[in-house]
Every structure is written in structure tokens, then in C-alpha cells.
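Before any comments, here is the structure.
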Amino acid sequence: MPNEEVLVEILECEQNTQIAHLILNSPETLNSLTLNMVNLISDLLDAWEQDSQIKMILISGSGEKAFCAGGDIRALYESMCDENGPIFAEEFFESEYRLDYRLHNYPKPIISLLDGIVMGGGAGLMFASSYKITTERTRFAMPEIGVGLFPDVGFTHEIKKLPEGLGLYIMLTATNLNAADTAFCKLTNSTLNSNDFDEFYTDIKQLAWVDNHDENIKLLDSLINQKKYLTNTQSFPKSKIKEELSTIQKLTKGDNLVTVVKNIFSYDTEDEWYAKGKQTIKNGSPTSAHLIWLQCQNSPKLNLKEVFLFELNLAIQITRQGDFKEGVRALIIDKDNTPDWKFNSIENVSQDWVKEHIKLAWESNPLEDL
Numbered sequence: 128m129p130n131e132e133v134l135v136e137i138l139e140c141e142q143n144t145q146i147a148h149l150i151l152n153s154p155e156t157l158n159s160l161t162l163n164m165v166n167l168i169s170d171l172l173d174a175w176e177q178d179s180q181i182k183m184i185l186i187s188g189s190g191e192k193a194f195c196a197g198g199d200i201r202a203l204y205e206s207m208c209d210e211n212g213p214i215f216a217e218e219f220f221e222s223e224y225r226l227d228y229r230l231h232n233y234p235k236p237i238i239s240l241l242d243g244i245v246m247g248g249g250a251g252l253m254f255a256s257s258y259k260i261t262t263e264r265t266r267f268a269m270p271e272i273g274v275g276l277f278p279d280v281g282f283t284h285e286i287k288k289l290p291e292g293l294g295l296y297i298m299l300t301a302t303n304l305n306a307a308d309t310a311f312c313k314l315t316n317s318t319l320n321s322n323d324f325d326e327f328y329t330d331i332k333q334l335a336w337v338d339n340h341d342e343n344i345k346l347l348d349s350l351i352n353q354k355k356y357l358t359n360t361q362s363f364p365k366s367k368i369k370e371e372l373s374t375i376q377k378l379t380k381g382d383n384l385v386t387v388v389k390n391i392f393s394y395d396t397e398d399e400w401y402a403k404g405k406q407t408i409k410n411g412s413p414t415s416a417h418l419i420w421l422q423c424q425n426s427p428k429l430n431l432k433e434v435f436l437f438e439l440n441l442a443i444q445i446t447r448q449g450d451f452k453e454g455v456r457a458l459i460i461d462k463d464n465t466p467d468w469k470f471n472s473i474e475n476v477s478q479d480w481v482k483e484h485i486k487l488a489w490e491s492n493p494l495e496d497l
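This is how it looks when you write it as C-alpha cells:
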């Protein structure tokens, strides 16, 4: 079943138990998810759920650059250019979200080894995992504003985990988070030095895994928090997010998006970290900024299923409305870096236009059966 894009290694453990190691294997695209990969992973999960020997699933990416940097954005662009409409894009988003929701509810622990870039579709795998392990190379971000999309794959559900205002800031500015940042934000569980991978794989094979999800998580947590591993993570970079949280929360206080954006741009600092964030907002899609605000407003009201219904509707509408297509053209296809957004500023985006994106895109949402 697996092909070159998805590799599988079965780790033989104590007492005739196994761990299924799923490897995203497209390093030339930073392990970005294709529809074929999504379908393959779904089929593997079906088989592993029925296999009593397999007690846990471990997901990693090939190479040292990325866990998974997103989805197959070129294929999505070609779909949006199709005269028959973005049929492939709709199939991709539905399949990807189904996979993410399945992982969230999978009966066996899902462990993600987040070495390198974690963005877009990779973030969806991360959010859905039972246990998330970062490394010194972890670089997490939700940069969708730059291509006219929005931070999806369940991030609307993750926002509520973050300190107030932080989700909004991360999404508007596409700020990169390191291992310490993601831990502070309660997005990840633990850290591991990449030099310890071989020893870690040896150690997990020496444990006797059981049929209890929570007990297996405790076993893993005890292993990775051994002194021999913790000592090798002491030199990891500290959390910039933690240092700047009080400032970020002041900047994101406001009754509307325009006020928040004005706060961010009026903040007088020589810190390049903030300058990058301002530039991202300036260059990004004004429509996307408003959809991000909408996500933050809706996050507290929605359960996990409702989040995926909400995000799929937004995703389908945005493939039909133009900014996503134009953003991919400008940044990925033609690489002129000058997208011609539908609106030239956040202030000029009409609420009627925003409402177009939350209108039901079909008679019935395809994910109603989740």
C-alpha cells in the first residue's frame, strides 16, 4: 500500500507489541501533503486500528529540513485555474480535514516528531497528535495570510489553548515559533535533541506498550523526560513569545480588527521581530486578515467537529473568491511577490464581502457525517 511518498517502518517492541512509524517522504517539497499522501495515510490508519499488535503510531518527516511544510499548493492553484471550477481543491480540503479529524479521535496514541518546518498541513497533523515532540530545528508557523488563505487544519480549535490575543497575533503576523514557544503556547508536549533520535528509537522499542491510550502516553512521557534526554535540550533557544506576551496582549486588545492592526503598526520599537510581523500584515491578503479575526471570534463557540465544518466552508469559498489563487500565483508560481488583492487595505474590506465567505458553499456540508 505505501508508496515512495509515504514510507512505513514497523518497530518491534517488547512483549510482541509494535509501533507503526509513518514517514512523510517528499523532502524535495518539504514533505508537503498531496491528496495521494492523505489517502494513503487514511488507509494505513484503517489497517492499523484493526491490528492488535500495533499500540501506537509515530509520524515523522524525511530529511532534516521539515516535518511537513503544508499542502500541495501547486495542485490547488491548478485546480483554481480550471474552467470547471476548483473541484480538486474541494476534494483535497475535504480529505485533509477528514484525516485530521480522524487523527484527533484515533483510539491509539499518535506521536508526531516535529523536526524542522511545521506549517499548514503539517500543523494539522501536529494538532491532531496525542503527543507532540519538538527539536532544536522546529520552526512552526501559520503563514496563510501571505497567500490569501487562512490558518486552517483545525487551528480555529487551537486558538482557545493560547493566552488571550496570542492566536490572533500569530495568525496575522505569521510569526515563527521555536520549540520553547510552542511549549509555552501549550501546542506541544516535550522536546528532544535531534542527535538523540537513534537512542530514542532504540529505547521506545524496549518498552512494553499496552492497550490503554493514556498509559502509553505516560510511558512515553517518562522515557523522554529522562535526564539523558533533558540534558541535551538545555541549550535550545528560549521563548521570544513568552518574553513579549504582555506587549502582544496590549497590541491585540480592541473591539475590531482595524483597531488591533493600528495598535500593531503604531507600536514604536527597533526590534526586528516586530518589524517582520508588521511587514507580513502589510503584504498579506486583507481578506485573509478579516477571516482570521472571524476565526478568533468563533473559536470559543465551536467544538472540534464544528471547527472543521466551519473551516471547510471557509476554504471552499476562498478557493472560489480569488485572493488565494492570486496569492499562490504571486508567491509560488510567478514569484513576482506582488499579489493584486481584491482589497488594497484591511480598512477597505467590506463586511458584506466577509459574509460571502461564511455563506454555505453547498446544500449540505460534506463533513456533516463526521
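The numbering used here numbers the first residue of the sequence shown as 128 and each following residue consecutively.
From the three backbone atoms N, C-alpha and C, an ideal C-beta is built for every residue, glycine too.
The model shown is predicted, which means the values in this text are computed figures rather than measured ones.
| Item | Value |
| --- | --- |
| Segment limits, beta strand (DSSP E) that includes Y258 | 258-261 |
| Cβ-based burial, V434 [other Cβ within 10 Å; buried from 16] | buried |
| Alpha helix (DSSP H) segment containing H148, residue limits | No alpha helix (DSSP H) holds H148; the beta strand (DSSP E) holding it covers 145-151. |
| Which listed residue (T144, L151, I146) has its alpha carbon closest to that of L134 | L151 |
| Sequence-distant residues of the same chain with beta carbon closer than 8 angstroms to P129, five excluded per side | Any reading at P129 must be qualified, since the residue scores a pLDDT of 48, below 50, and its modelled position is unreliable; no value is offered. |
| Q422 and I286 closer than 9 angstroms at C-beta | yes |
| DSSP-derived helix/strand/coil call for G197 | coil |
| Beta carbon of P254 nearer than 9 angstroms to that of V280 | Pro is not the amino acid found at residue 254; the sequence shown has Phe there. Yes, the pair counts as a contact, with Cβ atoms nearer than the cut-off. |
| M128 in three-state terms, based on DSSP | Residue placement at M128 cannot be trusted, given a pLDDT of 43 that sits under 50; the coordinates are not used to answer. |
| Cβ-based neighbour list, L314, same chain, cut-off 6 angstroms, excluding 5 preceding and 5 following | none |
| Environment of C140 [buried if 16+ CB atoms lie within 10 Å] | buried |
| Cut-off 7 angstroms between Cβ atoms - residues of its own chain near T407, not counting five sequence neighbours on either side | I272, G273, T300, A301 |
| Where V83 falls, given that 16 or more other Cβ within 10 Å makes a residue buried | The structure shown does not extend to residue 83, since the chain spans only 128 to 497, so no value can be given for it. |
| For D242 and K182, the rounded distance between their alpha carbons | 23 angstroms |
| Coil, strand or helix - T318 by DSSP | strand |
| Endpoints, the alpha helix (DSSP H) within which E217 is located | 214-231 |
| C-alpha distance - T414 paired with K365, whole-angstrom precision | 33 angstroms |
| Residue environment, V165, which counts as buried when at least 16 other CB atoms sit within 10 Å | buried |
| Residue(s) in a DSSP beta bridge with L304 | F267 |
| Contiguous alpha helix (DSSP H) assignments of at least 4 residues, all confined to the stretch 315-402 | 324-332, 340-351, 354-357, 367-378, 384-393 |
| Segment contact flag, the stretch 476-495 with the stretch 424-440, C-beta cutoff 8 angstroms, min 3 pairs | yes |
| Residues bridged to G188 (per DSSP) | L151 |
| Start-to-end residues for the alpha helix (DSSP H) that takes in L487 | Where L487 is concerned, there is no enclosing alpha helix (DSSP H), given that its DSSP letter is neither H nor E. |
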